[in-house]
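Below is one structure, written out as structure tokens; comments come after it.
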Amino acid sequence: MNHAIDDTNIESWLELCLIKGVGDESIRRLLVAFGSPAAILSASEMALERIVRKSIGKHIKRGAEPARVSAALNWLKDPANSIVTLAEPDYPAQLLNIQDPPPLLYFKGNRDLLAKPALAIVGSRNATPQGLSNAEAFAESASNAGFCIISGMALGIDAAAHAGGLRGAAASMAVIGTGLDIVYPAKNHQLAHKLAKNGALISELPLGTPAIGRNFPRRNRIISGMSQGCLVVEAALRSGSLITARQALEQGREVMAIPGSIHSPLSKGCHLLIKEGAKLVESTQDILDELNYPASHWRQKKSDAQENRTGKMVQVQTRQFSEVFPSDEDEWLLKCLGHDVIDIDTLCVRSGLTVESVSAMLLTLELNGYVSCLPGNCYQRTAR
1126 MNHAIDDTNI ESWLELCLIK GVGDESIRRL LVAFGSPAAI LSASEMALER IVRKSIGKHI
1186 KRGAEPARVS AALNWLKDPA NSIVTLAEPD YPAQLLNIQD PPPLLYFKGN RDLLAKPALA
1246 IVGSRNATPQ GLSNAEAFAE SASNAGFCII SGMALGIDAA AHAGGLRGAA ASMAVIGTGL
1306 DIVYPAKNHQ LAHKLAKNGA LISELPLGTP AIGRNFPRRN RIISGMSQGC LVVEAALRSG
1366 SLITARQALE QGREVMAIPG SIHSPLSKGC HLLIKEGAKL VESTQDILDE LNYPASHWRQ
1426 KKSDAQENRT GKMVQVQTRQ FSEVFPSDED EWLLKCLGHD VIDIDTLCVR SGLTVESVSA
1486 MLLTLELNGY VSCLPGNCYQ RTAR
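This is the structure:
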């Protein structure tokens, strides 16, 4: 006879989920059969073996290492830390519908965010300046439209998406591939602090779990699983972002991608997704249309955001007196530059200008935020 999962005793959940050798699938089957972690832990080995393999039953009767359970309970003494279990009403509803939802999630931050609709934004760790700008801008805009932005706190597109989401109204949550007591990569320590304070950090992995390669693709199913849709900003053909996109498709989520230059390796993955049926995204409205988000709600959010941004622009212009606009020569160089990554030699050929002139003009444009310098003495136009 099956029972509803009604136990909310965190210690029992930790004791069950921290037993080595007992996987999530076995835990879910046992929960359906016994109704609660406490009932599973107190069941006889014979009763357990009716549901799972004999070896798993032996692991359960052996129990979890007390030190691991104690460490988790001590971690929970911080008011910002909590455990979200399958039994709790705020366990993400979208995640419940995937094939393999984690029995529990370690959580740091604002649990109210779990009730918000979510948009996953993922992409390359080695992103271009334009890709980073796109990720941040789309994340902020979608956050202001009411979507909590979810990503994996990796370098590159993930970090930019979190930054944009945090600036918006609905904040951002990071699903990480280590224990929540470890910041990986270390360069994102400041971002992790901001997420813990104004957003959230989430992991299915026990505390102390280091960065192990196999955990990151598995982590991606939670990123897509918690979201209504997944936006890929930049991705090479062999990319972890494409794994997230594939998982999103398998979970019945909408997949979207931003196109780029046909010459850029980081656009190849997005173009492949679009060829396979992903929504081509040029604006936030494209995302809202794909997710059937109410237009009236978006217009109000957009109006509020524009009003706030206008106020900031007035403050900036008052402080700086005026914005620097490109000269006619600079405009010509920008036109020759186009929107692809280009080296100085090619730019000289296109523009008919000398290397000295082009170098001087590029420096001015870079200082004023119109172009970005890339490795290999290459440049790319940035959105303004």
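For our numbering, count along the sequence shown from 1 and bump the result up by 1125.
Just so it is clear, CB atoms sit at the ideal spot from N, CA and C, and this is done for glycine as well.
So, helix, strand or coil for residue i, using DSSP?
i       : result
Ser1268 : helix
Ser1482 : helix
Ile1152 : helix
Ile1181 : helix
Asn1134 : coil
Asp1453 : helix
Lys1404 : strand
Leu1221 : helix
Asp1465 : coil
Lys1233 : strand
Gly1354 : strand
Leu1244 : strand
Ala1278 : The sequence shown places Met at residue 1278, not Ala. In this structure, Met1278 counts as coil in the three-state DSSP scheme.
Leu1392 : As written in the sequence, residue 1392 is Ser, which differs from the Leu given in the question. It is helical.
Glu1379 : strand
Ile1326 : Per the sequence shown, residue 1326 should be read as Leu rather than Ile. Strand at Leu1326.
Ser1297 : strand
Ser1195 : helix
Count the other C-beta atoms from every protein chain shown that fall within 10 angstroms of the C-beta of residue i, then say buried if there are 16 or more, exposed otherwise.
i       : result
Ile1387 : exposed
Gln1255 : buried
Ala1246 : It should be noted that the sequence gives Ile, not Ala, for residue 1246. Burial call: buried.
Met1171 : exposed
Gln1224 : exposed
Lys1202 : exposed
Thr1443 : Reliability of the predicted coordinates at Thr1443 is poor, the pLDDT of 29 falling under 50, and the value obtained from them is presented with this limitation in mind. It is exposed - the Cβ of Thr1443 has fewer than 16 other Cβ atoms within 10 Å.
Ser1389 : buried
What residue range does the alpha helix (DSSP H) around residue i cover?
i       : result
Lys1322 : His1314 to Asn1323
Ile1144 : Run containing Ile1144: none; DSSP gives neither H nor E here.
Ala1206 : First, the amino acid is wrong: residue 1206 is Asn here, not Ala. No alpha helix (DSSP H) holds Asn1206; the beta strand (DSSP E) holding it covers Asn1206 to Thr1210.
Leu1173 : Glu1170 to Glu1174
Ala1166 : Before going on, a small fix: residue 1166 reads as Leu here, not Ala. Where Leu1166 is concerned, the enclosing alpha helix (DSSP H) stretches over Pro1162 to Ser1167.
Using a beta-carbon distance below 8 Å, is residue i in contact with chain D?
i       : result
Thr1369 : This model lacks chain D altogether; it includes just one protein chain.
Have a look at the options and flag the residue whose alpha-carbon is nearest the alpha-carbon of residue i.
i       : options                               : result
Glu1375 : Leu1362, Arg1346 and Arg1363          : Arg1346
Leu1416 : Phe1272, Pro1204 and Ile1383          : Phe1272
Leu1238 : Val1209, Leu1367, Gly1385 and Ile1307 : Val1209
Met1381 : Gly1394, Val1147 and Ser1389          : Gly1394
Leu1139 : Ala1197, Glu1481 and Ile1185          : Ala1197
Glu1359 : Phe1263, Ile1301 and Asp1414          : Phe1263
Pro1310 : Leu1291, Ala1284, Ser1297 and Pro1227 : Ala1284
Ile1135 : Leu1155, Ala1168 and Pro1228          : Pro1228
Gly1188 : Asn1502, Asn1206, Asp1465 and Ser1169 : Ser1169
Gly1338 : Val1357, Asn1313 and Gly1365          : Gly1365
Ala1205 : Val1357, Gly1354, His1396 and Leu1320 : Leu1320
Leu1280 : Gln1315, Ala1267, Pro1451 and Gly1324 : Gln1315
Leu1478 : Ile1399, Val1466, Pro1500 and Asp1455 : Asp1455
Asn1259 : Gly1160, Glu1174 and Ser1392          : Ser1392
Could you pull the start and end residues of the beta strand (DSSP E) that residue i belongs to?
i       : result
Arg1506 : Cys1503 to Arg1506
Leu1499 : Val1496 to Leu1499
Please work out which residues of its chain come closer than 8 Å, Cβ to Cβ, to residue i, disregarding the five sequence neighbours upstream and downstream, and give them in chain order.
i       : result
Val1496 : Leu1459, Leu1462, Leu1487, Leu1490, Tyr1504, Gln1505, Arg1506 and Thr1507
Leu1221 : Leu1211
Asp1215 : Val1209, Arg1236, Leu1239 and Ala1240
His1184 : Ile1144, Lys1145, Gly1146 and Val1147
Val1194 : Glu1136, Leu1139, Glu1140 and Leu1143
Going by beta carbon distance, what residues of the same chain come within less than 6 Å of residue i, once the five residues before and after it are set aside?
i       : result
Ser1151 : Val1177 and Ile1181
Glu1261 : Ala1285, Ala1288 and Gly1289
Looking only at its own chain, which residues have a Cβ that is under 7 Å from the Cβ of residue i, when we skip the five neighbours before and after it?
i       : result
Cys1498 : Glu1491 and Tyr1504
Leu1305 : Tyr1231, Lys1233, Leu1326, Ser1328 and Leu1332
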